[in-house]
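Visitor:
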Amino acid sequence: MAGWKQLDIGVIGGGIGGLSVALALRRSGHLVTIYERADFAGEVGAQYMHAMLMECAVGKEGEGRAARLLVNHACESVDSETGTITFKNGVKAIHDLVIGADGIGSVVRKAIDIHPVKKPADSSCLHANVMTEDAVRLGLVDYSQHDALEYWGGQEGKWDKISWGGQDRPVEELLAPYPNLDAQVKAHLAIGIEVQPWRLWVHEPYPYLTKGKVCLLGDAGHPMMPHQSQGACMAIEDAGALGVLFNKQYFNGDIEESLAVYNSVRLPRATRVQAAAARAAYNINERIGFSDNKHTATYKVENEKAKLTIEEMNAYDMFMDIEEQLAAARNVPFTRNFIKGMPE
Ligand SMILES: Cc1cc2nc3c(=O)[nH]c(=O)nc-3n(C[C@H](O)[C@H](O)[C@H](O)COP(=O)(O)OP(=O)(O)OC[C@H]3O[C@@H](n4cnc5c(N)ncnc54)[C@H](O)[C@@H]3O)c2cc1C
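Here it is as structure tokens:
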């Protein structure tokens with residue numbers, strides 16, 4: 001595309017979203033710096049996906065220049081007009097484009113004047129790490145042999161909930177209301193370390209994802225309940241969209257145009273998934289998975305027509321969605337048989 005130019009891009013946050021976008025933009029020919037507040041060297045139990053993305057984003061191998069990763073760089077504020085980032089350690093940096101991938105408590109979001117309207121969810125998560133050797137020694141199922149989720153809870157078509165009562169409540173007390181919980185799960189929790197409830201929040205959709213030289217990505221831009229298993233997927237889709245929009249085929253040097261299209265492609269889709277995740281938190285039939293759940297005797301959803309479908313998640317063509325929105329922005333016809341990324 002005529003006008004394409006290499007950008008110097010700052011990504012705030014080195015989670016799944018931040019690493020994915022660093023990878024996507026490196027492949028599109030840009031110079032990327034990731035600023036992470038934590039020191040990953042000290043992190044316990046790093047996830048496979050995170051480690052793999054890290055290697056792809058900052059490793060020497062692969063297309064484009066390896067992204068730089070600067071740890072111990074907690075962002076304090078961002079000036080959306082100039083692209084200036086100020087860090088708590090006193091460092092300042094200026095970039096052509098700043099991507100806020102700093103998670104649910106995003107500082108970057110605040111910097112672009114978005115103030116979440118949120119309420120505590122009815123349900124909470126119970127987080128625990130289990131050492132494989134402890135489980136094996138006690139004759140429990142060794143879940144580490146498999147790389148997929150092993151246990152699904154819920155009853156009568158609804159999710160069960162564990163009430164929130166503070167970080168230091170013992171496991172027995174947290175699980176007291178669930179005498180029928182699977183014995184394997186209970187046994188694993190009993191030997192779990194770092195057991196603690198995670199409070200979940202339901203956020204109202206945000207009004208926009210971009211302002212000036214800044215855009216939001218992943219949980220920073222559309223935090224959602226975990227019940228649809230789509231938070232990381234949406235962060236990766238955001239990253240993919242930015243990688244496509246700023247690649248040599250589509251980017252004409254106009255950052256503002258690309259960010260406007262990013263907003264119009266990503267906000268409606270992520271918001272729709274976010275709403276579906278909130279419904280799935282209290283009704284498992286709203287959840288998409290390998291089937292649409294319609295075979296279950298207790299199947300009932302709020303509005304069949306508005307339900308998130310497997311097709312719209314899996315048949316979605318982001319290139320078509322981006323081409324359609326870019327065509328509208330550039331006032332040229334879009335002639336493919338797709339509407340918002342879905343085949344007609
Ligand atoms: C129980 C549970 C189960 C889930 N299951 C799934 C699933 O099955 N499938 C799925 O797709 N998703 C799932 N998710 C959601 C998924 O984990 C998140 O949506 C995803 O990790 C969000 O990635 P992110 O990069 O946007 O944010 P984060 O992972 O939160 O990363 C943000 C990064 O930014 C850093 N940071 C924060 N503030 C600053 C700052 N000021 N300066 C610099 N760095 C900063 C943080 O240290 C962190 O590294 C689940 C979530 C939960 C809680």
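Residue numbers for the sequence shown follow UniProt numbering, so the first one is 1 and each next one is one higher.
Note that CB positions come from ideal geometry on N, CA and C, so glycine has one too.
Quick caveat, the model's predicted, so the values are computed rather than measured.
1) So, are the CB atoms of G64 and R27 less than 8 Å apart?
2) Cα separation between G17 and H127?
3) When you compare only the Cα positions, how much space is there between E257 and Q145?
4) At which residues does the beta strand (DSSP E) containing I322 begin and terminate?
5) Measure the Cβ-Cβ separation of G103 and A220 and say whether it is below 8 Å.
6) If you run the structure through DSSP and keep just helix, strand and coil, what is W159?
7) Please determine whether the Cβ atom of D102 lies at a distance below 7 Å from any heavy atom of ligand 1.
8) For the 8 Å Cβ check, are there 3 or more pairs between the segment 113–132 and the segment 233–243?
9) Would you check whether ligand 1 has a heavy atom nearer than 7 Å to the C-beta of P226?
10) Compare the Cα-Cα distances from M224 to each of D238, W201, L209, V117 and report the closest residue.
11) Since A22 and V11 should fall inside the 8 Å C-beta cutoff, what is the C-beta to C-beta distance between them, to a whole number of angstroms?
12) Can you tell me whether DSSP reads N86 as helix, strand or coil?
13) What does a CB cutoff of less than 7 Å around R266 pick up in its chain, not counting 5 residues either side in sequence?
14) Determine contact between the segment 65–84 and the segment 180–192, defined as no fewer than three beta-carbon pairs at a distance below 8 Å.
15) Following a CB-centred definition, is S291 positioned closer than 7 Å to any heavy atom of ligand 2?
16) Please list the terminal residues of the continuous alpha helix (DSSP H) segment that includes N263.
17) For the candidate residues A278, P179, A235, whose alpha-carbon lies nearest to that of H227?
18) Does the segment 278–289 come close enough to the segment 298–316 that 3 or more CB-CB pairs lie under 8 Å?
19) How many whole angstroms separate the CB atoms of I191 and V130, which I take to be in contact at a CB cut-off of 8 Å?
20) Can you give me the C-alpha to C-alpha distance between G90 and G105, rounded to a whole angstrom?
21) Just to confirm, are E76 and V107 a CB contact at a threshold of 8 Å?
22) Between the alpha carbons of P343 and A101, how many angstroms are there, rounded?
23) Pull the bridge partners of D79 from the DSSP assignment, please.
24) Look up M54 in the DSSP assignment and say whether it is helix, strand or coil.
25) Can you find the residues in the same chain that come closer than 7 Å, C-beta to C-beta, to Q249, ignoring five residues on each side of it along the sequence?
Guide: Walking through what the data contain:
1) yes
2) 21 Å
3) 47 Å
4) Where I322 is concerned, there is no enclosing beta strand (DSSP E), although the alpha helix (DSSP H) it sits in stretches over 318–330.
5) yes
6) Any reading at W159 needs caution, since the residue's pLDDT is 49, under 50, leaving its predicted position unreliable; the model's value is listed next. W159 falls in the coil class under three-state DSSP.
7) yes
8) no
9) yes
10) W201
11) 5 Å
12) The sequence given here has Thr at residue 86, not Asn. Three-state result, T86: strand.
13) L209, D238, A241
14) no
15) For ligand 2, the structure offers nothing, since it holds only ligand 1.
16) 255–280
17) A278
18) yes
19) 6 Å
20) 21 Å
21) yes
22) 30 Å
23) T84
24) helix
25) M1
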